[in-house]
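S.K.: Questions regarding the structure given below will be posed in turn.
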Amino acid sequence: MNRFRLCNLALWLVLGLAVLGMVVSVAWADADKKPAKKKLTGQELYAINCNRCHTERYPTERTPAQWKTIVTHMRVRANLPADQAKAILKYLQEDAGK
Ligand code: HEC
Numbered sequence: 001m002n003r004f005r006l007c008n009l010a011l012w013l014v015l016g017l018a019v020l021g022m023v024v025s026v027a028w029a030d031a032d033k034k035p036a037k038k039k040l041t042g043q044e045l046y047a048i049n050c051n052r053c054h055t056e057r058y059p060t061e062r063t064p065a066q067w068k069t070i071v072t073h074m075r076v077r078a079n080l081p082a083d084q085a086k087a088i089l090k091y092l093q094e095d096a097g098k
């Protein structure tokens, strides 16, 4: 094997390793940023957010109309995004009192 061919071989080897390293590191980074994103239910959101300042009220303690007013008011206090407030309201109204 002459020197030129040896040099050529070494070059391809280095290049191959570099590409392999890139593929592996990309695959690793991908595996890292995949925390299972679970969507919380209204009940879970209620338990997490609505007992920080006072105890939770049972859904049956208020009527659906009262819950609407309460969540509109408390959403601001709890600083909740619209979709979470909606999920909480749905949960409370489904189990609300008459
Ligand atoms: C940052 C604190 C805070 C958070 C978070 C909070 N509340 Fe309140 N809540 C209050 C305060 C203070 C009152 C007293 C009345 C008022 O300020 O209007 C109250 C009153 C209430 C009342 C009427 C009083 C009672 O005990 O029956 C209900 C029902 C209620 N909150 C439900 C909720 C719900 C549902 C959530 C979640 C979306 C929530 N709260 C989150 C502070 C909070």
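In the numbering used here, the protein residues as written are 1 to 98. Glycine included, every Cβ here is placed at the ideal spot set by N, Cα and C. Model, not experiment: these values are computed from the prediction.
1) Compare the C-alpha of Gln93 against each of Thr69, Ala18, Asn49 and Arg5 and name the closest.
2) Quick check on DSSP: helix, strand or coil for Thr72?
3) What's the C-alpha gap between Val14 and Asp30?
4) What alpha helix (DSSP H) runs, 4 residues minimum, are completely inside the stretch 22-91?
5) When you compare the CB positions of Glu56 and Tyr46, do they come within less than 8 angstroms of one another, or not?
6) Please classify Tyr91 as buried or exposed, where buried requires at least 16 neighbouring CB atoms within 10 angstroms.
7) In this structure, does DSSP put Gly16 in helix, strand or coil?
8) Please classify Thr11: is it buried, with 16 or more other beta-carbons within 10 angstroms of its beta-carbon, or exposed?
M.R.: To lay it out plainly:
1) Among Thr69, Ala18, Asn49 and Arg5, the Cα nearest to that of Gln93 is on Thr69.
2) Here Thr72 sits in helix by DSSP.
3) So the two alpha carbons sit approximately 24 angstroms from each other.
4) Along the length of the stretch 22-91, whole alpha helix (DSSP H) runs at least 4 residues long occupy 42-49 and 64-78, reported in chain order.
5) Between Glu56 and Tyr46, the gap from beta carbon to beta carbon is short of 8 angstroms.
6) By the Cβ-count criterion, Tyr91 is buried, with 16 or more other Cβ atoms from all chains shown falling within 10 Å of its own Cβ.
7) Looking at Gly16 - three-state DSSP - the assignment turns out to be helix.
8) Looking at the sequence shown, residue 11 is not Thr but Leu. It is exposed - the Cβ of Leu11 has fewer than 16 other Cβ atoms within 10 Å.
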